[in-house]
Amino acid sequence: RALCFARRDQSPLPGFEQDDYVATGNFSARSLSSLCDEFAAVRQATLTLFHSFTPEIFLCKGTANNNTSSVRAWVYCCAGHEHHHMESIRTVYLGGE
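In structure tokens, the structure reads:
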């Protein structure tokens, strides 16, 4: 979403049900190492993209799931979402509480 907004694509983006994505992800069949490798690669690609943005780009807006938001808002969402994933890894895969 941040990429579409940054590129000034004004096409409204659909919403999606994240639980459906999780249910069909077949994560239990993968090793923790594989999941961590994917997580690190996607995170690094996301950070690389965000570092390429100029201050002007962070102010660009678009519509996703019938809500208007900015690139900057999605950067903050990604930061919080990373915390969510790290907590899932800690509790689900590493047995932490």
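Quick note on numbering: the sequence shown equals residues 4 to 100 in the working numbering.
Glycine included, every Cβ here is placed at the ideal spot set by N, Cα and C.
None of these values were measured; they are calculated from a predicted model.
For residue i, which three-state DSSP category applies?
i          : result
residue 50 : helix
residue 38 : helix
residue 83 : helix
residue 27 : coil
residue 57 : coil
residue 16 : strand
residue 11 : coil
Between residue i and chain B, is there a C-beta pair that is closer than 8 Å?
i          : result
residue 34 : Absent from the structure is chain B; it holds one protein chain and no more.
Residue i to residue j, Cα distance in whole Å?
i           : j          : result
residue 59  : residue 51 : 17 Å
residue 56  : residue 17 : 24 Å
residue 8   : residue 77 : 9 Å
residue 34  : residue 88 : 16 Å
residue 114 : residue 15 : With the chain running from 4 to 100 in the structure shown, residue 114 is simply not present.
Check whether the Cβ of residue i sits closer than 7 Å to any heavy atom of the ligand COA, and report yes or no.
i          : result
residue 58 : This structure lacks the ligand COA, and indeed carries no ligand of any kind.
Name the DSSP beta bridge partners of residue i, please?
i          : result
residue 73 : 64
Would you kindly check if the distance between the Cβ of residue j and the Cβ of residue i is under 8 Å?
i          : j          : result
residue 65 : residue 12 : yes
residue 85 : residue 46 : yes
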